[in-house]
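**Q** In terms of this note's numbering, the sequence shown opens at residue 1 and continues consecutively.
Glycine residues also receive a C-beta, built at the ideal position from the N, C-alpha and C atoms.
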Amino acid sequence: MGLEVQRDGQHAFVGRNDRGAEVRLGRTGAEGAFSPAELLQIAAAGCSAVTAEELITRRVGEDAKFRVTVSADRREGASELDAVHVGFDVDVSTLAADQREALAGAVDRAIERLCTVSRTLKKGIPVTEEFPA
């Protein structure tokens, strides 16, 4: 199966993977669903979180809780995003200033090198569609 999105009702869709995970999709503002643009942003934040997790927990502690926020710039009426902004919310108060700076640099480098979503967004790639003839 791989990945798929199936229509589940008017403006209601479910995305699925082979491992049984599901995510509800819909138009912007649809109750209980993500819009596709929100999922793109969540993917960027999630990729950053997964990429940085070990670096953060190694320095802050295995039980470190952190949150990654995401927002986007979009011109009024535009059907594209102009920028995606990812931010980390993690308590680094136990680290000295130079340790905080080193951690921030390590996280930036790891995301720049390993985060598939951010790398792909920055690069820009072709997207193709197929429709039955």
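How would you label Leu3, buried or exposed, when you count the other beta carbons within 10 angstroms and need 16 or more for buried?
**A** Under this definition Leu3 is an exposed residue.
**Q** Check whether the Cβ atoms of Val68 and Ser48 sit closer than 7 angstroms, and answer yes or no.
**A** yes
**Q** Locate the alpha helix (DSSP H) running through Gly105, then write down its first and last residues.
**A** 97-114
**Q** When you compare each of Ala52, Ala37, Leu25, Ala45 to Ala104 by their alpha carbons, which one comes out closest?
**A** Ala52
**Q** From Gly77 to Arg16, what does the alpha carbon distance come to, in whole angstroms?
**A** Each residue's alpha carbon lies about 30 angstroms from the other.
**Q** So for Ala49, helix, strand or coil by DSSP?
**A** helix
**Q** Per the DSSP calculation, Thr134 is bridged to which residue(s)?
**A** Outside the displayed range of the chain (1 to 133) lies residue 134, so it cannot be described from this structure.
**Q** Specify, as a first and last residue, the run of the beta strand (DSSP E) that Val23 falls within.
**A** For Val23, the enclosing beta strand (DSSP E) has its first and last residue at 22-26.
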